[in-house]
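Residues -9 to 146 (the working numbering) are what the sequence shown spells out, left to right. Comments concern the structure below.
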Amino acid sequence: MNTTLKVIGSVRPFAEGFRIAIDKDYVPGLKGLADFSHAIVLWIAHEADNDGSRHPLVFPSPYTATEKAVGVFATRSPQRPNPVCFSIVRLLNVDETAGVITTPFIDTLSDTPVIDIKPYFPASDLVRSASVPRHFDHWPSCYEDSASFSWGAEFR
């Protein structure tokens, strides 16, 4: 099976946060997104996309909370068979005319290619009984608390 993904826009930092600039062909797809508080942005870890980063399936833990080796599917590392990542963002503004989404934060680099945007629905995206390995128990339990957490100390 051969699948072709289309880049629909890119992320750019600015003084008050980040802007996701949507390519003009995809701007009509923003209709109604402003009615949501949050969205899921799927993006390509373009600077980690090389043949070497697509092959490791098990590697030393990237987290300081554990020394155990982990499989790529047990991490959020951009080094993966397909460097597709996602971020949940708070929507400050959705300009349906200019094709620009404004958010206070997204964990991407400048000019990161965006491949899709989906509205965040608590009914399908929030899992009240989710659990993580014990060594991550000190991590924030929600998106809002993540902003003040010291993430730099969590990764090697």
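Positions of the beta carbon are idealized from the N, C-alpha and C atoms, including for glycine.
Cβ separation of residue i and residue j, assumed to be a contact under 8 Å, to the nearest whole Å
i           : j          : result
residue 104 : residue -3 : 7 Å
residue 120 : residue 79 : 20 Å between Cβ atoms; not a contact.
residue 93  : residue -1 : 13 Å between Cβ atoms; not a contact.
residue 115 : residue 32 : The Cβ separation is near 13 Å, so there is no contact.
Alpha-carbon to alpha-carbon, residue j and residue i
i           : j           : result
residue 96  : residue 2   : 10 Å
residue 23  : residue 4   : 21 Å
residue 68  : residue 136 : 19 Å
residue 118 : residue 112 : 10 Å
residue 134 : residue 44  : 32 Å
residue 25  : residue 145 : 35 Å
residue 129 : residue 53  : 12 Å
residue 91  : residue -9  : 33 Å
residue -7  : residue 10  : 24 Å
residue 89  : residue 66  : 28 Å
residue 27  : residue 132 : 15 Å
residue 15  : residue 124 : 45 Å
residue 47  : residue 41  : 13 Å
residue 142 : residue 108 : 28 Å
residue 51  : residue 127 : 16 Å
residue 62  : residue 13  : 31 Å
residue 138 : residue 49  : 29 Å
residue 122 : residue 98  : 24 Å
residue 140 : residue 77  : 18 Å
Counterpart residues of residue i in DSSP-defined beta bridges
i           : result
residue 108 : 30
residue 138 : Partner(s): none; residue 138 has no beta bridge.
residue 123 : Residue 123 is not bridged to any residue.
residue -1  : 12, 104
residue 7   : 4
Heavy atom of the ligand NAD within 8 Å of residue i beta-carbon
i          : result
residue -2 : Questions concerning the ligand NAD fall outside what the structure shown contains, since it holds no ligand whatsoever.
Is it true that the stretch 48 to 58 meets the stretch 72 to 86, where meeting means three or more beta-carbon pairs spaced less than 8 Å apart? no
Tell me whether the stretch 76 to 92 and the stretch 11 to 22 touch, counting them as touching only if at least three CB pairs, one residue from each stretch, are closer than 8 Å. yes
Could you say if the stretch 32 to 40 and the stretch 99 to 117 meet the contact criterion of at least three C-beta pairs nearer than 8 Å? yes
Whole beta strand (DSSP E) elements within the stretch 27 to 110, 3-residue minimum: 28 to 34, 74 to 80, 83 to 85, 90 to 93, 103 to 109
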